[in-house]
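To start, the structure itself, in structure tokens.
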Amino acid sequence: MSIIELDKTVANEKLHKLPFPVRHTLVDHPLFTLPKLVELAKIMPRDKIEFSGADLEIGQSAETTPKLDMAPQDVIRQIEQHNAWMVIKCVEVVPAYRAVLTEFVDGLFAAAGKPDQKYSNLEGYIFVSSANATTPFHVDAEENILVQIRGDKLVHVFDNDDRALVSEKAMEITPSKYRNQEYDPSF
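Residue numbers (the numbering used here): 1 to 187.
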């Protein structure tokens, strides 16, 4: 049984182009429980974990984002009490997480009618956030499949080709430049 369910026609038409809904069974997967994520945070290199307070503005700059003075595993342990946000990057280096990531992406490609689709750099990022956390307006350099496992989240995905939102120059992301972008409420 596949861990994903989707409209194959829509997926075939929109894969790599436009957002579309995907249903999954990951909510019950043991690797995504808070205790397992605490264990993951303990073994991941510190440069692969980013976290902050989550009471942010949509146009929050990286320089003004509130920092948290605690260990990554404590952020996860206390995620329901603190207003926090965390990302654990490159979880594919842990074989169990790589297996789930590969199964999900391969299943997505197969369901979209593209079973031979290849990916060159498969990376998994796990976000853990408190209820009502805000993620600032930003640009990701990579192509993403956003999967909500627990709780509810309102997500706005903007047109990647609309340079009125983010200029060509602002699209240039380098290691020295943070991904948050200027936000205009008219967006």
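Glycine residues also receive a C-beta, built at the ideal position from the N, C-alpha and C atoms.
It should be emphasised that the depicted structure is a prediction, and the values quoted were computed from it without experimental measurement.
Cα-Cα, which of 141, 123, 61 and 154 is closest to residue 133?
Reading the sequence shown from its first residue, position 133 is the one you call residue 133. When only C-alpha atoms are compared, the closest one is 154.
Within 8 angstroms, strictly: CB atoms of residue 180 and residue 62
Here residue 180 corresponds to residue number 180 of the sequence shown, with the count starting at 1. Here residue 62 corresponds to residue number 62 of the sequence shown, with the count starting at 1. Taking 8 angstroms as the Cβ cut-off, residue 180 and residue 62 qualify as a contacting pair.
Alpha carbon to alpha carbon, how far is residue 40 from residue 79?
Taking the first residue of the sequence shown as 1, we reach residue 40 at position 40. Taking the first residue of the sequence shown as 1, we reach residue 79 at position 79. Using only the alpha carbons, I get a separation of about 15 angstroms.
Do residue 72 and residue 58 have their beta-carbon atoms positioned less than 8 angstroms apart in this structure?
In the sequence shown, counting from the first residue as 1, residue 58 sits at position 58. In the sequence shown, counting from the first residue as 1, residue 72 sits at position 72. The Cβ-Cβ distance between residue 58 and residue 72 does not fall below 8 angstroms.
Going by the CB atoms, is the gap between residue 8 and residue 112 shorter than 8 angstroms?
For the purposes of this step, residue 112 is identified with residue 112 of the sequence shown, where counting begins at 1. For the purposes of this step, residue 8 is identified with residue 8 of the sequence shown, where counting begins at 1. Against a cut-off of 8 angstroms, the Cβ pair of residue 8 and residue 112 comes out as a contact.
Judging by CA-CA distance, which residue of 60, 77, 135 and 53 is the nearest neighbour of residue 69?
As a position in the sequence shown, residue 69 is number 69, starting the count at 1. Ranking 60, 77, 135 and 53 by Cα distance to residue 69 puts 53 first.
What residue from 182, 156 and 103 has the CA that sits closest to residue 167's CA?
Numbered from 1 along the sequence shown, position 167 holds the residue referred to as residue 167. Comparing Cα-Cα distances from residue 167 to each of 182, 156 and 103, the minimum goes to 182.
Whole alpha helix (DSSP H) elements within the region 1-60, 4-residue minimum:
8-14 and 34-43
Taking its Cβ as the centre, do 16 or more other Cβ atoms sit within 10 Å of residue 151, making it buried, or is it exposed?
Along the sequence shown, one-based indexing puts residue 151 at 151. The residue is exposed, with fewer than 16 neighbouring Cβ atoms inside 10 Å.
Can you tell me whether residue 97 is buried or exposed? The criterion is at least 16 other CB atoms within 10 Å of its CB, across all chains shown.
In the sequence shown, residue 97 corresponds to position 97, counting from 1. With 16 or more other Cβ atoms within 10 Å, it is buried.
To the nearest angstrom, how far is the alpha carbon of residue 84 from that of residue 6?
Counted from its first residue, the sequence shown places residue 84 at position 84. Counted from its first residue, the sequence shown places residue 6 at position 6. Our two residues, residue 84 and residue 6, have alpha carbons roughly 31 angstroms apart in a direct line.
Are the region 6-25 and the region 106-121 touching by the rule of at least three beta carbon pairs closer than 8 angstroms?
yes
Secondary structure, beta strand (DSSP E): runs of 3+ residues fully inside the region 74-156
84-88 and 126-129
DSSP has residue 180 in a bridge; who is on the other side?
Stepping through the sequence shown from its first residue, residue 180 is reached at position 180. DSSP, once it has assigned bridges, lists 138 as partnering residue 180.
Can you grab the Cα-Cα spacing for the pair residue 160 / residue 126, in whole Å?
Sequence index remark: in the sequence shown, residue 160 carries index 160 (1-based). Sequence index remark: in the sequence shown, residue 126 carries index 126 (1-based). Computed Cα separation, rounded: 23 angstroms.
Give every residue of the same chain whose Cβ lies closer than 6 angstroms to the Cβ of residue 65, excluding the five residues on either side of it in the sequence, and list them in chain order.
Walking along the sequence shown from the start, residue 65 turns up at place 65. Cβ neighbours of residue 65 beyond the five flanking positions: 52.
What is the residue span of the alpha helix (DSSP H) that residue 170 lies within?
For the purposes of this step, residue 170 is identified with residue 170 of the sequence shown, where counting begins at 1. Where residue 170 is concerned, the enclosing alpha helix (DSSP H) stretches over 168-171.
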